[in-house]
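Just below is one structure, and these are the notes that go with it.
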Amino acid sequence: MGACLQTVPVSFRAEDRYDQSLGRLFLPGSMIDRGVEGDRLAGIEKGLFSAEVAGNEKLSPACRLIRFARPEGFPDAKPGHFVSVRVNSFSVPLLRRPYSIMDLTETELLLLVKVVGPGSRLLAEAAVGDRMDIAGVLGGTVFPSPAGEDAVFVGGGTGLAPMIFAARTWKREGNTGNSYLIHGAATSEELLGTFCESDFTKVFRSTMDGSEGYDGDAVSYLQSLLNDDTISGSKLYSCGPAGMVKALELKVSTRFDSHYTSLEAVMACGVGACRGCTVPLREEDGRKLRAVCSDGTVFDASQIAWEDWE
Ligand SMILES: Cc1cc2nc3c(=O)[nH]c(=O)nc-3n(C[C@H](O)[C@H](O)[C@H](O)COP(=O)(O)OP(=O)(O)OC[C@H]3O[C@@H](n4cnc5c(N)ncnc54)[C@H](O)[C@@H]3O)c2cc1C
Ligand code: FES
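Just add 50 to wherever you are in the sequence shown, counting from 1, and you've got this note's numbering.
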């Protein structure tokens, strides 16, 4: 999955280029005042932290739960926020790797890590006591709360982490609505057993190869669960491959009042400076390219110009 750079009109806001300079981010504890509107957050605190690995648990052949002790001064986060991790102290891999926050408590920062290449492998192999350099909290938008209404979460592959953070956060806030998770994976090796069962009212699993759960993709599964009234809800939340989110928006979203999605575009800087992670949005004054890392990662899925992006 990735952001395709398309030949569509590009709109840069002057204040973005100023506010999102890398120099400011890499000052520990610095503040980037975005001053943005709507449900975007103004004044998210960002900084660089040295975080100690406090636990590393194998959840499946492909996935690890990495627990970091929450560094002193690490800012609060909301569902949809992410961090970027420097996975070792060498120049390879050069770039930090972005990871959604799976949970943040008073004492711990939790990440769900699927091994797909060298960076994720280094993170997944971290030993208790290792230290890693973490930039956070990143992201300019968050998932709006269902405010007591029933919610359906669809997490495809590594998109599960922000769904868990949302469910846990809103439960802690006293949200009383039902929450249903559809976790879609390629194969049973990527499913996590009963790991997040207690975070949701009910969890449904699907695999593309039919090795466990529903035989097929998460979107088809959701359609069948809605059709036979097994689940219902007015709010739809998603995170996963662009193809999955697009299918959700085009095929299922009319059954819900809203569909918010956290996009996982391939990222370089993670703070809106390189413009390498853009997504085309339909806005009131025309089509705009927005940076997934700093204008998102959470977007109203109905605003995404899907015909120009996948
Ligand atoms: C905002 C955000 C949140 C994320 N949250 C999580 C998470 O909670 N858990 C998790 O396991 N992963 C998450 N990812 C993906 C994670 O960042 C990548 O898997 C990781 O950077 C891969 O690094 P690597 O060196 O192991 O693999 P690389 O060698 O960099 O890439 C290996 C393969 O993975 C693909 N890939 C790399 N990055 C992405 C991406 N962002 N989206 C799709 N494909 C990619 C590459 O195209 C390549 O095919 C997130 C990504 C973003 C942008
Ligand atoms: S990764 Fe550089 S602008 Fe988003």
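Beta carbons are placed, not taken as given, at the ideal position from N, Cα and C, and that holds for glycine.
Check, Outcome
"Straight-line Cα distance separating residue 192 from residue 157", "22 Å"
"Proximity winner among 338, 336, 309, 342, relative to residue 319 (alpha-carbon distances)", "342"
"Per DSSP, the bridge partner or partners of residue 113", "164"
"Contacts around residue 154, its chain only, beta-carbon distance under 6 Å, and the 5 residues preceding and following it disregarded", "127"
"Pocket of ligand 2 (residues with CB nearer than 7 Å to any heavy atom), chain order", "317, 318, 319, 320, 321, 322, 323, 324, 325, 326, 327, 341, 342, 343, 344"
"Own chain partners of residue 202 with C-beta closer than 6 Å, once the 5 adjacent residues on each side are dropped", "230, 283, 286"
"Residue 97 to residue 123 span [Cα, whole Å]", "9 Å"
"Residue 176 burial status per 10 Å Cβ neighbour count (16 or more: buried)", "buried"
"Residue 176 CB to nearest heavy atom of ligand 1 below 7 Å", "no"
"Beta-carbon separation (whole angstroms), residue 214 vs residue 101, contact threshold 8 Å", "19 Å between Cβ atoms; not a contact."
"Sequence ranges, alpha helix (DSSP H) only - wholly within the stretch 267–351, length at least 4", "268–277, 292–297, 342–345"
"Rounded straight-line distance, which links the Cα of residue 276 to that of residue 207", "21 Å"
"Pick from 327, 325, 279, 267 that is closest to residue 204, judged by C-alpha positions", "267"
"C-beta atoms of residue 292 and residue 259 nearer than 8 Å", "no"
"Residue 110 vs residue 240 beta-carbon contact at 8 Å", "yes"
"Beta-carbon gap between residue 351 and residue 303 smaller than 8 Å", "yes"
"Contacts around residue 152, its chain only, beta-carbon distance under 7 Å, and the 5 residues preceding and following it disregarded", "160, 161, 162, 211, 214, 215"
"Candidates 181, 143, 131, of which the one nearest residue 106 by Cα", "181"
"Residue of 279, 103, 271 minimising C-alpha distance to residue 297", "271"
"Residues near residue 112 in its chain [Cβ-Cβ closer than 8 Å; skip 5 each side]", "164, 165, 239, 240"
"Nonlocal neighbours in the same chain, by C-beta distance under 6 Å from residue 264, ignoring five residues either side", "256, 271"
"C-alpha distance - residue 294 paired with residue 311, whole-angstrom precision", "11 Å"
"Under the three-state DSSP convention, the category residue 193 falls into", "coil"
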